[in-house]
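Peer 1: Chains as they are written, first to last, in the numbering used here: chain A, 2 to 205; chain B, 2 to 205.
Protein chains: 2
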Amino acid sequence: MSTVVRGRPRGFDADTALDRAVEVFWRQGYEGASLSDLTEAMGINRPSMYAAFGNKEELFRRAVARYAEADMAYARAALAQPTAYAVVETFLRANADALTRPDRPSGCLSVQGGLAEGGDSGRIASFLAESRLAGERELANRLSRAVAEGDLPTDTDAAALARYVMVVSEGNAVHAAAGAPRSALHATVDIALRALPVGGEGTE
Amino acid sequence: MSTVVRGRPRGFDADTALDRAVEVFWRQGYEGASLSDLTEAMGINRPSMYAAFGNKEELFRRAVARYAEADMAYARAALAQPTAYAVVETFLRANADALTRPDRPSGCLSVQGGLAEGGDSGRIASFLAESRLAGERELANRLSRAVAEGDLPTDTDAAALARYVMVVSEGNAVHAAAGAPRSALHATVDIALRALPVGGEGTE
DNA sequence: GTTGTTCAGTATCGAACGGTACAGAAATCG
DNA sequence: CGATTTCTGTACCGTTCGATACTGAACAAC
C-alpha cells in the first residue's frame, strides 16, 4: 500500500547491480562466477545480495531475464520485419553484431551461461576452441582443394564455407545437448545443405 | 630400454580408465566433473589417477585427444569423400548421428567440455535451454504466419526453418565466444541466407 | 630369502565455495 | 527524544574441491 519506506533505505540501486551481475555471468558462466566475483562487481556485500535477490540461482534467473529484455531486444525487433527473408536476415545480422560488441562480453549469455570460465578453466576453453579450429582448418583445406579441382566454383571462399559448416555442426551440438532428437538435427542439415554452391550430387 | 616392469604391476588398464573419464567429462564438463566422479567411474583411487595421468587437466587433455581419435573418426572419413558436396553432407549427417547416439552422452565433448553440469547446474542448463527454445518458438510462429501470407512457399516447414536459423545463431555464438571476429560471423550469415526459400529481397 | 621398486588405499591437507548469524549504523514513526 | 525497522559489514559456518603424505601390499631382480 504505502510507498513509504520504513527503515534504513537501501544504499545501492538494484537494477544497476543486476546489470553488473549480467556482465559477470555472461563472461564467466553460472558456476564460474563466484559470489565474491559477483558482489565485488555489483559493489555490494554478500548479505545485501542475499537480501535483495534471495540466492545465487535467483540472481542468475533475474540476470537472464534482464539480458533477454535489454540485450536481445534486436530479436523482437527483427520479428517485426515485413517479409520472412527480412526477418531472418535482420535477426542474424543483428545477432552477429550483438555477439561481437566491443563493449560487452563475446558470445551469448543464453549459450555460455552454462559455461564455467572461472579461474583455471580459461585455459580449458582456449584448448577446446583450438581443437575445434583444427577441424575447421582441415575442412577448409579439403574444400580449397575442391576449388582447385573445379569441384566448387572458382570464386568460392573455402575458409568461409568451412566455417559455415562448423557453425551448423556446433549449433546442432548445442541443440543436441539440450535434448533435441536426431530427426530435428537432420532436418536442420537438410536446410543447411541448400546453402552450398552448385548443390546436387556432384561430379557431374 | 627393457620392457620389463620392475615393481608391482598396475591393477587397472589405463586406456579403459581413460574411456570412462571421457564419458564423465562429456556428460558433465570439465569443472562439473569432480575427481570423485572421475575416479569412481574409472574404478580407481585418487592417487592412482594422479600417478597415471598427472593431474585433472592432463587427464582432460588426454580424454579430448582420445575423443577426437575415437568418437570423431567420422569427420576424417568424411574428408575422403570424392566431392565437396559429399564431404559436407557426409560430415553433417554423421555429425548429427554422433551427437544423438543413444549409448553416449548427447552433444559434443569439444563444445560442452567447457560446461559445468555437475550438481545444481543441471537446472541451470535446462533453464537456459528453455530460454533459447522460447525464442525459437517465437520465430517459428512468425515464419508460420509468413507461410500463411504466401511470403514463404506453402510446403515450408516453419518450425524446421526456425530451428535452422537458431542453429546458425548458436553456432555463431560458440565461434564468437572463441574469439571469432565480427566479419567472420557475417560471412557465415551470407552463406546461411542462401539456404532460405525464395531468397532475394522479397515481397515482390 | 632378501632387497628394491612400484602400486593401492586411507586419511588428510589448505583453499575456495555458497550461505548466514550477529552486531552496529541509518532511516522513519510515535 | 526513544522505539522500531531495515540495511551494512565482519566474521564465520559446513561442505566440497583438487591434490598429497604416508603406510602396506605385491611383484621382479639378485
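Positions of the beta carbon are idealized from the N, C-alpha and C atoms, including for glycine. Bear in mind the structure is a predicted one, so any value in this text is a computation, not a measurement.
For the alpha helix (DSSP H) that contains Glu-41 of chain A, what are its first and last residues?
Peer 2: Where Glu-41 of chain A is concerned, the enclosing alpha helix (DSSP H) stretches over 36–43.
Peer 1: Residue ranges of each alpha helix (DSSP H) run of no fewer than 4 residues wholly in the segment 83–162 of chain B, ordered along the chain?
Peer 2: Segments of the alpha helix (DSSP H) lying fully in the segment 83–162 of chain B: 85–100, 110–113 and 122–149.
Peer 1: Where does Ala-196 of chain B fall in DSSP's three states?
Peer 2: Three-state result, Ala-196 of chain B: coil.
Peer 1: Note down the Cα distance separating Glu-202 of chain A from Val-89 of chain A, rounded to an integer number of angstroms.
Peer 2: With a pLDDT of 46 at Glu-202 of chain A, under the threshold of 50, the predicted position of this residue should be treated as unreliable, and no value is reported.
Peer 1: Evaluate Gly-12 of chain B with the Cβ neighbour count: other Cβ atoms within 10 Å of its Cβ, from every protein chain shown; 16 or more gives buried, anything less gives exposed.
Peer 2: With fewer than 16 Cβ atoms within 10 Å of its Cβ, Gly-12 of chain B is classed as exposed.
Peer 1: Strictly under 8 Å for the Cβ-Cβ distance: is Thr-204 of chain B near chain A by that measure?
Peer 2: At Thr-204 of chain B the pLDDT is 41, less than 50, meaning the model places this residue with poor confidence; the figure from the coordinates comes in the next sentence. Yes, because at least one Cβ of chain A sits closer than 8 Å to the Cβ of Thr-204 of chain B.
Peer 1: Considering only residues of the same chain and omitting the five flanking positions on each side of Ala-99 of chain A, which have a CB-CB separation below 7 Å?
Peer 2: Hits under 7 Å: Asp-72 and Tyr-75.
Peer 1: Please list the terminal residues of the continuous alpha helix (DSSP H) segment that includes Tyr-75 of chain B.
Peer 2: From DSSP, the alpha helix (DSSP H) with Tyr-75 of chain B extends over 74–80.
Peer 1: Can you grab the Cα-Cα spacing for the pair Thr-155 of chain B / Val-148 of chain B, in whole Å?
Peer 2: If I take the Cα positions, the gap works out to 6 Å.
Peer 1: With DSSP run on the structure shown, which of helix, strand or coil describes Phe-13 of chain A?
Peer 2: Here Phe-13 of chain A sits in coil by DSSP.
Peer 1: Go through its chain and collect everything with a Cβ distance to Gln-82 of chain B's Cβ below 7 Å, but skip five positions before and after it.
Peer 2: So the qualifying residues of the chain are Val-88 and Thr-91.
Peer 1: Which residue's Cα is closest to the Cα of Asp-14 of chain A: A:Glu-32, A:Ala-53, A:Trp-27 and A:Gly-33?
Peer 2: Of A:Glu-32, A:Ala-53, A:Trp-27 and A:Gly-33, the residue nearest in Cα terms is A:Ala-53.
Peer 1: Taking C-alpha atoms, which residue in B:Ala-135, B:Glu-70, B:Leu-80 and B:Val-23 lies nearest to Glu-58 of chain B?
Peer 2: Closest option to Glu-58 of chain B, Cα to Cα, is B:Val-23.
Peer 1: Taking any Cβ of chain B, which residues in the segment 58–72 of chain A have a Cβ under 8 Å from it, in chain order?
Peer 2: So the list reads Glu-58, Phe-61, Arg-62, Val-65 and Ala-69, given in the order they occur along the chain.
Peer 1: Which residue marks the beginning of the alpha helix (DSSP H) containing Pro-182 of chain B, and which one marks its end?
Peer 2: Careful: Pro-182 of chain B lies outside any alpha helix (DSSP H) and carries neither H nor E.
Peer 1: Which residue from A:Thr-84, A:Arg-21 and A:Ala-130 puts its Cα closest to that of Val-65 of chain A?
Peer 2: Among A:Thr-84, A:Arg-21 and A:Ala-130, the Cα nearest to that of Val-65 of chain A is on A:Arg-21.
Peer 1: By the 9 Å beta-carbon criterion, what residues does the segment 14–35 of chain A contribute toward chain B?
Peer 2: From the segment 14–35 of chain A, only Gly-30, Tyr-31, Glu-32 and Gly-33 have a Cβ closer than 9 Å to chain B.
Peer 1: If you follow the alpha helix (DSSP H) that Tyr-68 of chain B is in, where does it begin and where does it stop?
Peer 2: Counting along the chain, the alpha helix (DSSP H) containing Tyr-68 of chain B begins and ends at 57–71.
Peer 1: I want to see whether chain B comes within less than 8 Å of Thr-155 of chain A, judged by CB atoms only; does it?
Peer 2: No, Thr-155 of chain A does not count as interfacial toward chain B.
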